[in-house]
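In our numbering, each residue's number is its place in the sequence shown (first place is 1) plus 72. The structure appears below as structure tokens.
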Amino acid sequence: MAEVKETAKKKPTTTKKEVKEKVEVKEKAVKPKKEVKDAKATKKAKPEKEKAVVPAKPKVTVAHAIAHDVRVTPRKARLVVDLVRGKNVNEALGILANVNRSATPAVVKVIKSAAANAINNYEMKEEHLYIHTIYVNDGFRLKRYRPRAKGSASGIIKRTCHIYVSVKARQE
């Protein structure tokens, strides 16, 4: 039994030299803060790549405006829109001033908005503007019921529309 105790007591011991070497290796692995900052500075100081020459944007010649979900039936709005298709903006507004239809105020508003977009955003002149495209699409439909005789009800569909206008400058 004495022998067993002796072997248990014998542990692998490290010398002071070995401990110092391990500490030195760890210190080399960890950089001081100044060295880390210097390394970051050198990364930032890399020469910049030459920027590619971006071609100039083509000049915009068309301005748009859209009125969504206008509470007018598309059929009635198309009657008004057909009167001004292809006309100068000022001429179209003059025509619509004399049209007594439910869709007229909405169409006038969209045409004025498209003209304002052309003038303010794309520096077009008001005298040269004409209505390039104008059309009406169906919007959503509201379904309602009206009471009828003998406790029955009939459906009512309240239609809406989207009015699209694009204005372009004439080349003179």
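Positions of the beta carbon are idealized from the N, C-alpha and C atoms, including for glycine.
Asked	Found
Answer with buried or exposed for methionine 73, where buried requires no fewer than 16 other C-beta atoms within 10 angstroms of its C-beta.	Because the pLDDT at methionine 73 is just 48, under 50, the model does not fix this residue reliably, and the point stays unresolved.
Between which two residues does the beta strand (DSSP E) carrying glycine 166 extend?	Counting along the chain, glycine 166 falls outside any beta strand (DSSP E), though it belongs to the alpha helix (DSSP H) covering 161-169.
Go to alanine 126, then tell me how far its alpha helix (DSSP H) extends in each direction, as first and last residue.	Per the sequence shown, residue 126 should be read as valine rather than alanine. That residue, valine 126, is in no alpha helix (DSSP H); it is neither H nor E in DSSP.
Check the C-beta distance from alanine 175 over to valine 239 and give it rounded, since I have them as a contact under 8 Å.	The Cβ separation is near 19 Å, so there is no contact.
Taking only the alpha-carbon atoms, compute the straight-line gap between aspartate 141 and arginine 213 and give it to the nearest angstrom.	9 Å
Count the other C-beta atoms from every protein chain shown that fall within 10 angstroms of the C-beta of valine 152, then say buried if there are 16 or more, exposed otherwise.	buried
Look at valine 132 and tyrosine 194 and say whether their C-beta atoms are less than 7 Å apart.	yes
Among Asn160, Val91 and Thr87, which residue has its Cα nearest to the Cα of histidine 200?	Asn160
Ends of the beta strand (DSSP E) at serine 238?	225-241
From which residue to which residue does the beta strand (DSSP E) around threonine 205 run?	201-219
Identify which residue in Thr145, Glu198 and Val171 has its Cα closest to the Cα of lysine 184.	Glu198
Taking the DSSP output, what are the residues bridged to histidine 140?	Answer is none; histidine 140 lacks a bridge partner.
Three-state secondary structure (DSSP) at valine 134?	strand
Would you identify the three-state DSSP class for lysine 197, choosing helix, strand or coil?	coil
Taking buried to mean at least 16 other C-beta atoms within 10 Å of its own C-beta, is threonine 145 buried or exposed?	buried
Can the beta-carbon of isoleucine 228 be found less than 7 Å from the beta-carbon of arginine 220?	no
Can you name, in chain order, every residue of its own chain whose Cβ lies under 7 Å from the Cβ of arginine 157, other than the five neighbours on each side?	Ile203 and Ile206
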